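J.: Can you keep this structure in mind? I'll have questions shortly.
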Amino acid sequence: MSYSIDLSGRVALVTGASSGLGTQFALTLARAGAAVVLAGRRTERLKTLRAEIEGAGGDAHVVNLDVTDVDSIKSAVAHAETETGTLDILINNSGVSTTQKLTDVTPDDYDFVMGTNTRGAFFVAQEVAKRMIARSRGAAPGTFTGGRIVNIASMAGLRVLSQIGVYAMSKAAVVHMTRAMALEWGRYGINVNAICPGYIDTEINHHHWDTEGGQKLVQMLPRKRVGQPKDLDTALLMLCANESHFINGAVIQADDGFGV
Numbered sequence: 249m250s251y252s253i254d255l256s257g258r259v260a261l262v263t264g265a266s267s268g269l270g271t272q273f274a275l276t277l278a279r280a281g282a283a284v285v286l287a288g289r290r291t292e293r294l295k296t297l298r299a300e301i302e303g304a305g306g307d308a309h310v311v312n313l314d315v316t317d318v319d320s321i322k323s324a325v326a327h328a329e330t331e332t333g334t335l336d337i338l339i340n341n342s343g344v345s346t347t348q349k350l351t352d353v354t355p356d357d358y359d360f361v362m363g364t365n366t367r368g369a370f371f372v373a374q375e376v377a378k379r380m381i382a383r384s385r386g387a388a389p390g391t392f393t394g395g396r397i398v399n400i401a402s403m404a405g406l407r408v409l410s411q412i413g414v415y416a417m418s419k420a421a422v423v424h425m426t427r428a429m430a431l432e433w434g435r436y437g438i439n440v441n442a443i444c445p446g447y448i449d450t451e452i453n454h455h456h457w458d459t460e461g462g463q464k465l466v467q468m469l470p471r472k473r474v475g476q477p478k479d480l481d482t483a484l485l486m487l488c489a490n491e492s493h494f495i496n497g498a499v500i501q502a503d504d505g506f507g508v
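Take a look at the structure:
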């Protein structure tokens with residue numbers, strides 16, 4: 249006997265899909281049968297990812313999105329629904345960081361991180377939720393399937409780390425934002441949860457793990473290893489599944505025990 253998660257017939261919007269975790273999330277959802285809307289600013293990279301998904305028999309679409317611009321958010325979500333129909337799943341993944349001591353943070357540094365990670369994530373979720381709520385209110389009895397919003401936070405939102413204090417603050421806000429959204433939107437069949445990844449090897453930080461500083465960090469980790477993007481697949485699919493209707497407001501640590 250086997251068990252699998254089937255997202256056929258579902259439409260998922262993935263922000264920050266042009267690289268790293270966003271790319272992996274999009275590939276994973278497409279493999280599970282969802283139609284995937286790839287959103288981000290680097291549209292050429294999104295088109296390459298779309299071709300990969302379509303080459304494997306999946307369904308993918310590209311929309312330009314700048315999460316720091318509310319007009320861009322509204323336009324991207326409207327464009328996505330015009331091409332694919334109503335959105336069932338949002339993977340709220342766009343994120344940035346800077347590395348410096350708190351005493352060296354400039355107003356521009358602060359706005360850069362908070363504007364994307366907190367403000368941007370909030371207004372993307374809000375725009376998608378408004379449409380999910382409208383669909384819920386207008387649905388015939390027994391026909392509404394609910395919605396899934398997965399906010400990508402970080403273990404840094406639960407455990408403060410040096411040199412990335414503003415990033416940690418922004419992700420802590422995402423954790424609390426997730427719970428607030430779950431409380432208000434749960435009545436409409438929308439489940440809002442968060443994943444807090446630990447140290448994951450992506451193209452952005454791949455070079456770091458071979459440096460002296462990177463190796464020192466690895467030795468501090470419980471199992472002296474960093475994760476791979478695919479290590480988040482199970483948590484992602486669980487939270488997106490139709491069967492996860494009883495999971496709402498959860499904050500899932502996927503950090504190999506670093507936060508223990």
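Residue numbers (our numbering): 249 to 508.
Every residue gets a Cβ at the ideal spot worked out from N, C-alpha and C, and that includes glycine.
Given the structure is predicted, the values throughout are model-derived calculations rather than measurements.
1. Helix, strand or coil: which one does DSSP assign to Thr276?
2. Is it buried or exposed, Glu292, if we count other Cβ atoms within 10 angstroms and call 16 or more buried?
3. For the candidate residues Thr276, Ser266, Thr271, whose alpha-carbon lies nearest to that of Ile253?
4. Skipping 5 residues on each side, what residues in its chain have a beta carbon closer than 7 Å to that of Val408?
5. Under the three-state reduction of DSSP, which class applies to Asn365: helix, strand or coil?
6. Rounding to the nearest angstrom, what Cα-Cα distance links Asp317 and Gly368 in this structure?
7. Within 10 Å of its beta-carbon, does Ser418 have 16 or more other beta-carbons around it, so buried, or fewer, so exposed?
8. From Ala283 to Ala304, what distance separates their C-alpha atoms?
9. Is the distance from the Cβ of Asn399 to the Cβ of Thr364 below 8 Å?
10. By the 10 Å Cβ neighbour count, where 16 or more other Cβ atoms means buried, how is Thr511 classified, buried or exposed?
11. Leaving out five residues before and five after Asp314 in sequence, what residues of the same chain have Cβ atoms less than 6 Å from its Cβ?
12. Could you tell me if Tyr251 is buried or exposed, where buried requires 16 or more neighbouring beta carbons within 10 angstroms of its beta carbon?
13. Are the Cβ atoms of Ala421 and Val499 separated by less than 8 Å?
14. Taking 8 Å as the cut-off, does the segment 262–273 touch the segment 469–480 (at least 3 CB pairs, one atom from each stretch)?
15. Are the beta-carbon atoms belonging to Ile385 and Leu335 less than 8 Å from one another?
16. Within 10 Å of its beta-carbon, does Val287 have 16 or more other beta-carbons around it, so buried, or fewer, so exposed?
17. Return the first residue and the last residue of the beta strand (DSSP E) that Asp319 is part of.
18. By DSSP, does Asn341 sit in helix, in strand, or in coil?
19. Per DSSP, Gly288 is paired with what?
20. For Ile381, I'd like the list of residues in its chain whose CB is within less than 8 Å of its CB, leaving aside the five on either flank, ordered along the chain.
21. Once you ignore the five residues that flank Met486 on each side, which residues in its own chain have a CB closer than 7 Å to its CB?
22. Quick one: is Met249 buried, meaning 16 or more other Cβ sit within 10 Å of its Cβ, or exposed?
23. Ignoring anything shorter than 4 residues, give me the alpha helix (DSSP H) runs that lie fully in the segment 363–428, in order along the chain.
T.: Working from what's here:
1. On the sequence shown, position 28 is the one that residue 276 refers to. DSSP places Thr276 in helix when its eight states are reduced to three.
2. To locate residue 292, count along the sequence shown from 1; it is residue 44. With fewer than 16 other Cβ atoms within 10 Å, it is exposed.
3. As a position in the sequence shown, residue 253 is number 5, starting the count at 1. Taking the Cα of Ile253 as reference, the smallest distance to any Cα among Thr276, Ser266, Thr271 is reached at Thr276.
4. In the sequence shown, counting from the first residue as 1, residue 408 sits at position 160. Cβ contact annotation for Val408 (same chain, cutoff 7 Å, sequence separation greater than five): Ala416, in chain order.
5. As a first step, residue 365 is located in the sequence shown; it is residue number 117 there, counting from the start. If DSSP states are grouped into helix, strand and coil, Asn365 belongs with the helices.
6. For this step, residue 317 is matched to residue 69 along the sequence shown. For this step, residue 368 is matched to residue 120 along the sequence shown. Rounded to the nearest angstrom, the two C-alpha atoms are 8 Å apart.
7. Counting from 1 along the sequence shown, the entry for residue 418 is found at position 170. The residue in question, Ser418, is buried, as its Cβ has 16 or more Cβ neighbours within 10 Å.
8. Translated into the one-based positions of the sequence shown, residue 283 becomes position 35. Translated into the one-based positions of the sequence shown, residue 304 becomes position 56. Computed Cα separation, rounded: 13 Å.
9. Within the sequence shown, the letter at position 151 stands for residue 399. Within the sequence shown, the letter at position 116 stands for residue 364. At a Cβ-Cβ threshold of 8 Å, Asn399 and Thr364 do not count as neighbours.
10. Since the displayed the chain opens at 249 and closes at 508, residue 511 lies outside it and no answer follows.
11. One-based indexing of the sequence shown puts residue 314 at position 66. Closer than 6 Å at the Cβ level, and outside the excluded window around Asp314, lie Arg289, Ser320.
12. What you label residue 251 is simply residue 3 of the sequence shown in a count that begins at 1. It is exposed - the Cβ of Tyr251 has fewer than 16 other Cβ atoms within 10 Å.
13. Position 173 of the sequence shown, counting from 1, holds the residue named residue 421. Position 251 of the sequence shown, counting from 1, holds the residue named residue 499. Result no, Cβ atoms of Ala421 and Val499 do not sit closer than 8 Å.
14. At 8 Å Cβ cutoff, the stretches touch.
15. Here residue 385 corresponds to residue number 137 of the sequence shown, with the count starting at 1. Here residue 335 corresponds to residue number 87 of the sequence shown, with the count starting at 1. Residue 385 is actually Arg in this sequence, not Ile. Not a contact, by the Cβ cut-off of 8 Å.
16. Residue 287 sits at position 39 when you count from the first residue of the sequence shown. What sits at residue 287 in the sequence shown is Ala, not Val. Answer is buried; the Cβ neighbour count reaches 16.
17. Taking the sequence shown and counting its residues from 1, one reaches residue 319 at position 71. No beta strand (DSSP E) holds Asp319; the alpha helix (DSSP H) holding it covers 318–332.
18. Locating residue 341 in the sequence shown gives position 93, where the first residue counts as 1. Coil at Asn341, not helix or strand.
19. As a working mapping, residue 288 is identified with position 40 in the sequence shown. Beta-bridge pairing links Gly288 to Asn312.
20. Your numbering for residue 381 matches position 133 in the sequence shown. The answer, listed in chain order, is Trp433, Tyr436, Ile438.
21. Position 238 of the sequence shown, counted from the start, is the residue given in the question as residue 486. Within the same chain, and ignoring the five residues on either side of Met486 in sequence, the residues whose Cβ sits closer than 7 Å to its Cβ are Ser492.
22. The sequence position of residue 249 within the sequence shown is 1, counting from 1. Exposed.
23. If one requires a minimum length of 4 residues, the alpha helix (DSSP H) runs lying completely within the segment 363–428 are 369–386, in chain order.
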